[in-house]
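Q: Residue numbers are given in the working numbering: position 423 of the sequence shown equals residue 425, and the series is strictly consecutive. Note that CB positions come from ideal geometry on N, CA and C, so glycine has one too. A quick note: this is a predicted structure, and the numbers were derived from the prediction, not measured.
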Amino acid sequence: MDFTYSIWILLLPLISFLVIGLPEFVNKKYSWSHKTAGLIGTCSLGLVTVLSYYTAFQYFTADRLADGTFATFVPYNVTWLPLGHLHFDLGVLLDPISVMMLIVISTVSLMVHIYSFGYMHGEKGFQRYYAFLSLFTMSMLGLVLATNIFQMYMFWELVGVSSYLLIGFYYTLHAAVHASKKAFIVTRFADMFFLIGILIFGYYTGSYNFSFAGHVEYLNGAAAFTTADSARALAAGGMILPTALVLMFIGGAGKSAMFPLHIWLPDAMEGPTPVSALIHAATMVVAGVFQIARLFPVWIEYAPQALEVVVIVGAFTAFYAAAVACAQSDIKRVLAFSTISQIAFMMVALGVCLPGHHGAALDNHAQLGYMASMFHLFTHAMFKACLFLGAGCIIHAVHSNEMSAMGGLRKYMPVTHITFLISCLAIAGIPFFSGFSSKDEIITACFEYSPLCGWWMTGVAAMTAFYMFRLYYGIFWGTENKELHAHHTPHEAPATMTFPLVFLSIVTVGVGVVTTLGGFCDWSWASFGSIVSAAGTAYTVHFDPQVAATSTVIAILSIALATYIYKGEKQPIADKLYATFPRLHRWAYKRFYMDEVYQFVTHKILFRYVSRPVQWIDEKIINGLIDFTAWGANEAGETIRPWQSGDVRQYAVWFITGTVALTLLLLCL
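(1) Just to confirm my understanding: we take M285, look at its own chain, exclude 5 residues before and 5 after, and list those with CB closer than 6 Å. What are they?
(2) Starting from H89, follow its DSSP beta bridges and name the residues at the other end.
(3) Which same chain residues, not among the five before or five after K334, have their C-beta less than 8 Å away from its C-beta?
(4) Short of 7 Å in beta carbon distance, which residues of its chain neighbour A362, apart from the five on each side in sequence? Order them along the chain.
(5) Since I believe G521 is in contact with H544 (beta carbons under 8 Å), could you give me their beta-carbon distance rounded to a whole number of angstroms?
(6) Roughly how many angstroms separate the alpha carbons of W458 and L96, rounded to a whole number?
(7) Grab the span of the beta strand (DSSP E) containing V680 for me, first residue to last.
(8) By Cβ distance, which residues of its chain are closer than 7 Å to S440, with the 5 residues on each side in sequence left out?
(9) Under a Cβ-count criterion, where at least 16 other Cβ atoms within 10 Å of its own Cβ denotes burial, should D546 be classed as buried or exposed?
(10) Can you look up T74 in the DSSP assignment and give me helix, strand or coil?
(11) Out of G371, S8, C395 and L145, which has the shortest C-alpha to C-alpha gap to H123?
(12) Y210 and I202 - do their beta-carbons sit closer together than 9 Å?
(13) Beta carbon of F602, beta carbon of L503: below 9 Å?
(14) Measure the alpha-carbon distance for I342 versus I198 and round it to whole angstroms.
(15) Count the other CB atoms, across all protein chains shown, that sit within 10 Å of the CB of N625; report buried if there are 16 or more and exposed otherwise.
(16) So is V549 buried or exposed if we call it buried at 16+ other beta carbons inside 10 Å?
(17) In the structure shown, what three-state DSSP assignment does Y220 receive?
(18) Below 8 Å on the Cβ atoms is my contact criterion, and I expect A387 with A495 to pass it. Report the Cβ-Cβ distance as a whole number of Å.
(19) Can you tell me the Cα-Cα spacing of V326 and R296, whole angstroms?
(20) Which runs of the alpha helix (DSSP H), 4 residues or longer, sit entirely within the segment 491-524?
(21) Could you please give me the residues that DSSP links to E404 through a beta bridge?
(22) Of the choices Y595, G634 and I11, whose alpha-carbon is the least far from that of A148?
(23) For H360, which residues of its own chain have a beta-carbon under 6 Å away from its beta-carbon, when the five flanking residues on both sides are left out?
(24) Going by DSSP in three states, V94 sits in which element: helix, strand or coil?
(25) What do you get for R614, buried or exposed, if any count of 16 or more other CB atoms within 10 angstroms of its CB means buried?
(26) Determine the direct distance from the alpha carbon of T582 to that of Y55, and round the result to whole angstroms.
(27) Going by alpha carbons, who is nearest to Y469 out of F347, A590, A329 and Y566?
(28) Under 9 Å between the Cβ atoms of Y568 and A557?
(29) So the candidates are A464, P433 and Y414; which of them puts its Cα closest to the Cα of K484?
(30) With distance defined between alpha-carbon atoms, name the residue in G40, I42 and G23 nearest to S33.
(31) When DSSP labels each residue in this structure, what does N636 get in the three-state scheme?
(32) For P357, which three-state DSSP category applies?
(33) Using a Cβ-Cβ cut-off of 8 Å (strictly less than) and excluding sequence neighbours within five positions of V312, which residues of its own chain qualify?
(34) Enumerate in chain order the residues of its own chain whose CB-to-CB distance from P357 is below 8 Å, with the five nearest sequence positions on each side excluded.
(35) Beta carbon of F191, beta carbon of G254: below 9 Å?
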């Protein structure tokens, strides 16, 4: 099977970045017009999307191997830096999760490119914006197509740079600059642990290769992996691998905004809304989930009990983010904390795969959690991108992020209203919408792992339905801000902005209908597990009727509660709750003061008791020692400089004196 064209999936956005960006950065006089720059970027992503869909069709329709798994294809792999038996490779790897991620990244990125034509129209730096979009897309594609951990880390850091540039796009605004620096510093801090984990992994195993299961087919003269040697090396380093994997997970937790490394994501909403949809809903924040999924065979084989760390961090983060989302008034920050909570669902699903079950075989329980995590990654990307882009249409119409400036917008924005409602129903877990199938399987896997974990995540799912419909009613129903709307009547967004909403909502409904019916009717072809599973073999999803019924009833009750409280022109119950629990509301609104805690720890403790003493040692001792050395050399020079007077008679006296002294010394010996 020929996949040699797949290299263009990486090269096209890179070329787009260079073509759009170089004239802008070298000499603005030669920069492209807004329309031309947008068309170059969008057409490039259109071709990438076509290639990605063609790759997926060709890959998933190919015959499976004799053991029922999909083959792993490596169209390109070259040794970039040989260091004896340890070498750094660069290449392209195609397997079920990388091909699935191609669909996610290319689809959402293309929708964002199209959407940005309308949203960013007239913005200063339009060309720079599209160049950065191409750079980010290329970085994320390189991350998921990586053939080894080192290549993944290279593109991982490129994703960080790209997000820094996009979050700080409005660089004249202090808030945007602060947010971009905050995101960069927090994720770089986490990435330090990722790098340490990679170095430990490479040192003890002698390889940076992933642990591949099944057949690997090399195309186009790609250098072959030494799979057998890698397996022996992994076994040799098995004792230290749990430490390396947990350190790598910290890097993933930073990128995916897990508690307590989540503080950068809400502030990152200072970037343009399409950027929020691209980076913080569909691609960058799932990098941590993808990292664990990519290394999942190593986790299962050598560190199954360490997955409990993933469960604990994910479960707490899911609850924390949902609690904060219930009190936010900025619609983008509600969606930001919703993203944190949903990414935590994916983390928990991966973490509950094996601990508590004997042996390292990938049983049905492990299959379920892994599959559900990847499926939720796919569904969440579509409906959360739709929600963020819908929020952009709303902000574009009312010129504010605050719900107090909204209310009653369903009359003015019918397309945005319907697509937003569809996405809310999906994330709430209502049957026949995509979020139901994926979230229901996560909860089922959690119950298999532990009843406590199952009920905990069910409670978080109920909170999700509540705060999302609080958001929905606050925007489209509730009390209309007639005074503000009188000065600026809201209107529906242009077609370039509404088309992506319609497309993403159709995907959400279509996937939801097919997978819901497939889960209840046992349609193997309609199961996401038929293409992506932990063992690589086809895995048919069978809904647990009890879990499905319970989660659906709870979701409906949560929506009903939100409807009862927030749908009307006035919200007396919400006002009474706020008056009764003002401190609790304030704590949730202030994100439980996590930013203040970081400020206290860094400024009052680290800076005062660590940085200042280190600064004193640097200035007084280290610099003092260097200055003393320089002073001593200078004084010695000043002392012996008179000896070089140029007076021959003085030289003769010193010569005779030295000769006499040396003679006397020799005579004495």
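A: Reading off the structure:
(1) For this step, residue 285 is matched to residue 283 along the sequence shown. The residue asked about is misnamed: residue 285 is Thr in this sequence, not Met. Taken in chain order, the residues that qualify are I107 and M142.
(2) Mapped onto the sequence shown, residue 89 falls at position 87. Beta-bridge pairing links H89 to P84.
(3) The residue given as residue 334 occupies position 332 in the sequence shown. Same-chain partners within the cutoff: M271, T275, S278, F390, A393, I397 and N403.
(4) If you number the sequence shown from 1, residue 362 lands on position 360. Per-residue confidence for A362 stands at a pLDDT of 45, beneath the threshold of 50, marking its modelled position as unreliable; no derived number is given.
(5) The residue you call residue 544 lines up with position 542 of the sequence shown. The residue you call residue 521 lines up with position 519 of the sequence shown. With a Cβ gap of about 7 Å, H544 and G521 count as contacting.
(6) The residue labelled residue 458 in the question sits at position 456 within the sequence shown. The residue labelled residue 96 in the question sits at position 94 within the sequence shown. About 36 Å.
(7) Missing from the structure shown is residue 680; the chain here goes from 3 to 671 and no further.
(8) To locate residue 440, count along the sequence shown from 1; it is residue 438. Here the set comprises A374, F377, H378 and T381.
(9) To locate residue 546, count along the sequence shown from 1; it is residue 544. Buried, since its Cβ has 16 or more Cβ neighbours within 10 Å.
(10) Indexing the sequence shown from 1 puts residue 74 at position 72. Reduced to three states, the DSSP call for T74 is strand.
(11) Here residue 123 corresponds to residue number 121 of the sequence shown, with the count starting at 1. Selected option, being the one with the closest Cα: C395.
(12) The residue given as residue 202 occupies position 200 in the sequence shown. The residue given as residue 210 occupies position 208 in the sequence shown. No, these two residues do not count as a Cβ contact at 9 Å.
(13) Residue mapping note: residue 602 aligns to position 600 of the sequence shown, counting from 1. Residue mapping note: residue 503 aligns to position 501 of the sequence shown, counting from 1. Their beta carbons are not under 9 Å apart, which means F602 does not touch L503 by this criterion.
(14) Sequence index remark: in the sequence shown, residue 342 carries index 340 (1-based). Sequence index remark: in the sequence shown, residue 198 carries index 196 (1-based). Computed Cα separation, rounded: 25 Å.
(15) Residue mapping note: residue 625 aligns to position 623 of the sequence shown, counting from 1. Exposed, by the Cβ-count rule.
(16) Taking the first residue of the sequence shown as 1, we reach residue 549 at position 547. V549 is buried by the Cβ-count criterion.
(17) The residue labelled residue 220 in the question sits at position 218 within the sequence shown. Correct three-state label for Y220: strand.
(18) In the sequence shown, counting from the first residue as 1, residue 387 sits at position 385. In the sequence shown, counting from the first residue as 1, residue 495 sits at position 493. Not quite, the Cβ-Cβ distance comes to about 15 Å (not below 8 Å), so this is no contact.
(19) Here residue 326 refers to the residue found at position 324 when the sequence shown is read from its first residue. Here residue 296 refers to the residue found at position 294 when the sequence shown is read from its first residue. So the alpha carbons of these two residues sit roughly 31 Å apart.
(20) 497-523
(21) Within the sequence shown, the letter at position 402 stands for residue 404. According to DSSP, E404 bridges with D332.
(22) Sequence index remark: in the sequence shown, residue 148 carries index 146 (1-based). Measuring from the Cα of A148, the nearest candidate turns out to be I11.
(23) In the sequence shown, counting from the first residue as 1, residue 360 sits at position 358. With a pLDDT of 42 at H360, under the threshold of 50, the predicted position of this residue should be treated as unreliable, and no value is reported.
(24) Locating residue 94 in the sequence shown gives position 92, where the first residue counts as 1. Of the three classes helix, strand and coil, the one that applies to V94 here is strand, per DSSP.
(25) On the sequence shown, residue 614 is found 612 positions in, with the first residue counted as 1. The residue in question, R614, is exposed, as its Cβ has fewer than 16 Cβ neighbours within 10 Å.
(26) Indexing the sequence shown from 1 puts residue 55 at position 53. Indexing the sequence shown from 1 puts residue 582 at position 580. Their Cα atoms are separated by approximately 53 Å.
(27) Looking up residue 469 in the sequence shown gives position 467. Of F347, A590, A329 and Y566, the residue nearest in Cα terms is A329.
(28) Reading the sequence shown from its first residue, position 566 is the one you call residue 568. Reading the sequence shown from its first residue, position 555 is the one you call residue 557. No.
(29) Translated into positions along the sequence shown, residue 484 becomes position 482. For K484, the nearest C-alpha among the options comes from Y414.
(30) Position 31 of the sequence shown, counted from the first residue, corresponds to residue 33. The shortest Cα separation from S33 among G40, I42 and G23 belongs to G23.
(31) Counted from its first residue, the sequence shown places residue 636 at position 634. N636: helix per DSSP, three-state reduction.
(32) Position 355 of the sequence shown, counted from the first residue, corresponds to residue 357. Its pLDDT being 47, under 50, P357 is placed unreliably by the model, and the measurement read from it follows with that caveat. Residue state, collapsed to three classes: coil.
(33) Taking the sequence shown and counting its residues from 1, the one referred to as residue 312 is at position 310. Excluding residues within five positions, the ones whose Cβ falls inside 8 Å are F251, I294, M349, V350, L352 and G353.
(34) Looking up residue 357 in the sequence shown gives position 355. Caution applies to P357, whose pLDDT of 47 falls short of 50 and renders its modelled position unreliable; the value that the coordinates give is listed next. The answer, listed in chain order, is P306, Q307, L309, E310, V313 and Y451.
(35) Residue numbering aside, residue 191 sits at position 189 when the sequence shown is read from its first letter. Residue numbering aside, residue 254 sits at position 252 when the sequence shown is read from its first letter. Cβ atoms of F191 and G254: not closer than 9 Å.
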